[in-house]
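Numbering (our numbering), first residue to last: 1222 to 1561.
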């Protein structure tokens, strides 16, 4: 039987889910972080079923770098859970034939518990908690997380009542701006790096911080801040091609995946064009508000071939741009230096 503290936390999560409404990405994020509060686990994830694969669409803890990762249904414990529709426990991945051992070792997990997420009997994904220790989960964890999975299943009912395409869109896009979210961005970035490895043209990652959002929120209110975010997003989207991906990673953080990025000189020109497009005032009610951004970029394969390393490299360059103000008031976006 779950403890009183666990039940109170689950009730609190119920309330927060109700407030989030149709924000499926928000509900999933709340659920994975809540999972780490409720059970002794190193990481938690929600994997949504997409075709013959399961995709990590929300992560917390040690699963952080797995966002957007795809695993096959066949040969994985998550796929078995989805097919059977019952909670499953793996006590030790080294001795359990149901697991994808290579994927488990990549994450560093030794044991896990997986619960199905379903809508009117139709499975849509799984909730997973894992540990670096063997035999870390038992019936208590199943009971607690079953309450969590039912909350998430109810939220999915409201998302899926409009159809599966809507579920995918809500899980992979930012509600306010309509841009891709972090999950979809990382999914596409990992796919793009794999294509470069197979001989496709170079790609680039551009990270942007929208400067001054806190000042707008503090002085004019969050409605003005939201309007600034939407306008910033519109300007970003207007600078890219259909094959590129523009994403809001969260708060005032944005990213662009540029396919066919070209040479370093071509990328520099692209960054200048993006910088010129997003900066400049916009009108809100009777005021003219400034929009500014700090930028940093990384290239694949020149800088890194790994999605996570590309993000970290671009992030380092963006914050160097912010620190030196090269990304805003002097010479435009940060050059592709320093080396990562």
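Beta carbons are placed, not taken as given, at the ideal position from N, Cα and C, and that holds for glycine.
On the DSSP letters alone, give me the boundaries of the beta strand (DSSP E) that residue i sits inside.
i, result
"residue 1274", "1274-1282"
"residue 1172", "Because residue 1172 is not part of the residues shown, which for the chain are 1222 to 1561, the question remains open."
"residue 1293", "1291-1293"
In chain order, what residues of the same chain have a beta carbon less than 6 Å from the beta carbon of residue i, not counting five sequence neighbours either side?
i, result
"residue 1273", "1294"
"residue 1330", "1351"
"residue 1470", "1403 and 1476"
"residue 1353", "1263, 1329 and 1331"
Identify whether residue i lies in helix, strand or coil by the three-state DSSP scheme.
i, result
"residue 1499", "helix"
"residue 1512", "coil"
"residue 1481", "coil"
"residue 1285", "helix"
"residue 1384", "Low per-residue confidence applies at residue 1384: pLDDT is 48, beneath 50, and the placement is therefore not dependable, though the value from the model is reported in the following sentence. Of the three classes helix, strand and coil, the one that applies to residue 1384 here is coil, per DSSP."
"residue 1469", "strand"
"residue 1314", "helix"
"residue 1374", "helix"
"residue 1490", "helix"
"residue 1550", "Because residue 1550 sits at a pLDDT of 42, beneath the cut-off of 50, its placement in the model cannot be relied upon, and the following sentence gives the value as read from the coordinates. Residue 1550 falls in the coil class under three-state DSSP."
"residue 1236", "helix"
"residue 1474", "strand"
"residue 1330", "coil"
In chain order, what residues of the same chain lie with their CB nearer than 8 Å to the CB of residue i, ignoring the 5 residues before and after it?
i, result
"residue 1363", "1308, 1310, 1334 and 1336"
"residue 1229", "none"
"residue 1451", "1397 and 1398"
"residue 1401", "1393, 1394, 1395, 1409, 1466, 1467, 1468 and 1469"
"residue 1241", "1247, 1248, 1251 and 1376"
"residue 1523", "1423 and 1485"
"residue 1414", "1424, 1521, 1526, 1527, 1528 and 1531"
Can you tell me where the alpha helix (DSSP H) with residue i in it begins and where it stops?
i, result
"residue 1452", "1443-1459"
"residue 1248", "1245-1259"
Which residues share a DSSP beta bridge with residue i?
i, result
"residue 1630", "The shown model of the chain, from 1222 to 1561, leaves out residue 1630, and the question about it has no answer."
"residue 1364", "In DSSP, residue 1364 forms no bridge with anything."
"residue 1264", "1282 and 1351"
"residue 1271", "1274"
"residue 1432", "1513"
Once the 5 residues before and after residue i are set aside, which same chain residues still bring their CB inside 7 Å of it?
i, result
"residue 1327", "none"
"residue 1432", "1513, 1514, 1515 and 1549"
"residue 1460", "1494, 1495 and 1498"
Self-check item: Within the stretch 1396-1424, ranges of the alpha helix (DSSP H) (whole runs, at least 4 residues)
Solution: 1403-1418
Quiz prompt | Unbroken stretches of the alpha helix (DSSP H), 4 residues or longer, contained in the stretch 1513-1548 | solution = 1528-1545
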